[in-house]
Amino acid sequence: MRNPSLWRTVGITIVLTGLATGAATILIPDTTLGTTPKLLLFCYALTAIIFGSLWTAWRHADAIAYSALQRGQDILVRWRVDPADWDRFAALNETFSLNELPVRRPAPATGVEVIVGRRAVLIDGHLIRLHWPSQTGAAGTWTVESATLLPADPPCVNLRVRMAQTHGSPTYSNLVFPIAAAAQDDARRLIPWTS
Numbered sequence: 007m008r009n010p011s012l013w014r015t016v017g018i019t020i021v022l023t024g025l026a027t028g029a030a031t032i033l034i035p036d037t038t039l040g041t042t043p044k045l046l047l048f049c050y051a052l053t054a055i056i057f058g059s060l061w062t063a064w065r066h067a068d069a070i071a072y073s074a075l076q077r078g079q080d081i082l083v084r085w086r087v088d089p090a091d092w093d094r095f096a097a098l099n100e101t102f103s104l105n106e107l108p109v110r111r112p113a114p115a116t117g118v119e120v121i122v123g124r125r126a127v128l129i130d131g132h133l134i135r136l137h138w139p140s141q142t143g144a145a146g147t148w149t150v151e152s153a154t155l156l157p158a159d160p161p162c163v164n165l166r167v168r169m170a171q172t173h174g175s176p177t178y179s180n181l182v183f184p185i186a187a188a189a190q191d192d193a194r195r196l197i198p199w200t201s
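Numbering (this note's numbering), first residue to last: 7 to 201.
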């Protein structure tokens, strides 16, 4: 998710429109609108309040994780991938069957920053919240099952991730991202976090 603070604000706006609509349905007399339109507005209000609140809470957690990584808190490893390596990774990414990382092309002129933290990964401004095996992950959040280094060009980290579901079997996927040329030792430091 890019810009979680913006999406949190969108959620708050949805909740506020729900509250305003709910108040209007209570305050406006039945004779002005009629029962059916008021009932429809009330249903919208209830839906906006419930789902807007859930969306806001989820995006607030994203915004907290994003801000922590931007401030340098809870960082395990950090590096910058140069534009040429990122473009080669983008081409390689098309061969992967599953990768939760959206990859944009071409790379920015300054390269792409990769930050792996204790609670999230921030790559090219895209935040993915996750939990390592020693942490408890909630339903709807990725938990890292393993980390491997892929000997590709450029070399990559592959985090095998699992998302617990409230009902049913978990979903499995990968989070693959490139390693900067000078960050091979940093990438190896991720491996112990998966045991």
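C-beta: ideal position from N, C-alpha, C; glycine also.
Here the C-alpha atom of aspartate 192 lies approximately 12 Å from the C-alpha atom of proline 198. Nearest to valine 109 by alpha-carbon distance, out of Ala115, Thr116, Ala97 and Ser103, is Ala97.
Secondary structure remark: continuous alpha helix (DSSP H) runs of at least 4 residues inside the stretch 34-83, in chain order: 36-39 and 41-77. Put simply, of Pro160, Ala74 and Phe48 the residue whose alpha carbon is nearest the alpha carbon of valine 127 is Ala74. In this structure, the beta-carbon distance from valine 87 to valine 120 falls below 8 Å. Around the beta carbon of alanine 153, 16 or more other beta carbons sit within 10 angstroms, so the residue counts as buried. In the displayed model, phenylalanine 102 falls within coil according to three-state DSSP, outside both helix and strand. In the DSSP assignment, arginine 8 is bridged to His132. In this structure, the beta-carbon distance from valine 182 to asparagine 105 falls below 8 Å. When rounded, the separation of the alpha-carbon atoms in aspartate 93 and proline 157 is 17 Å.
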